[in-house]
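Worksheet for the structure shown next.
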Amino acid sequence: MDVGLIEAIMKRVVKDDRSGHWIWQSQTGNTQAQIKYEGKWYQVVRVLFESEVKSLKKGEKVYRMCSNLACVNPYHCEAKTKNHLLSYFPYAKLGRGAENV
Ligand SMILES: [Zn+2]
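Note that this note's numbering has the sequence shown beginning at 1, numbered continuously upward.
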């Protein structure tokens, strides 16, 4: 994992100690937090999740489990495959996960 990328991300994150949310400062609407680093776009939650929690297995995506749309706290996320998620939450809005990553 690129340390510079993590640093660039953390400069745009404000940790809210009270709620535990990590608030992404460049949030626009309902879109996933993304960052451009050395000419490439990265999904912020995915980078943080793999850096802080664990590597993702093939087919896994990072889904935010808290209700704050701007939150990128990897500990508020879980790695799930789409089928796994559907088996638990058949009505889940899958579009809210970090897609296309
Ligand atoms: Zn959160």
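Even for Gly, the Cβ is constructed at its ideal location relative to N, Cα and C.
Going by C-alpha positions, valine 13 is about 31 Å away from asparagine 83. In terms of Cβ geometry, glutamine 32 and glutamine 43 form a close pair [threshold 7 Å]. Apart from sequence neighbours up to five positions away, no residue of its chain approaches aspartate 17 with a beta-carbon distance below 7 Å.
Assignment of lysine 57 by DSSP, reduced to helix, strand and coil, places it in the coil class. In the displayed model, valine 13 falls within a strand according to three-state DSSP.
Closer than 6 Å to some heavy atom of ligand 1: that does not describe the Cβ of cysteine 77. Isoleucine 23 and alanine 70 do touch by the CB rule: their CB atoms are close to 5 Å apart, below 8 Å. If you keep only unbroken beta strand (DSSP E) runs of at least 3 residues inside the segment 20-44, you get 22-24, 34-37 and 40-43. Shortest Cα-Cα distance from tryptophan 41 to any of Asn68, Ser87 and Ala8 involves Ala8. The residues Gly59 and Glu60, in chain order, have a CB closer than 6 Å to that of threonine 81 in the same chain once the five nearest residues on each side in sequence are set aside.
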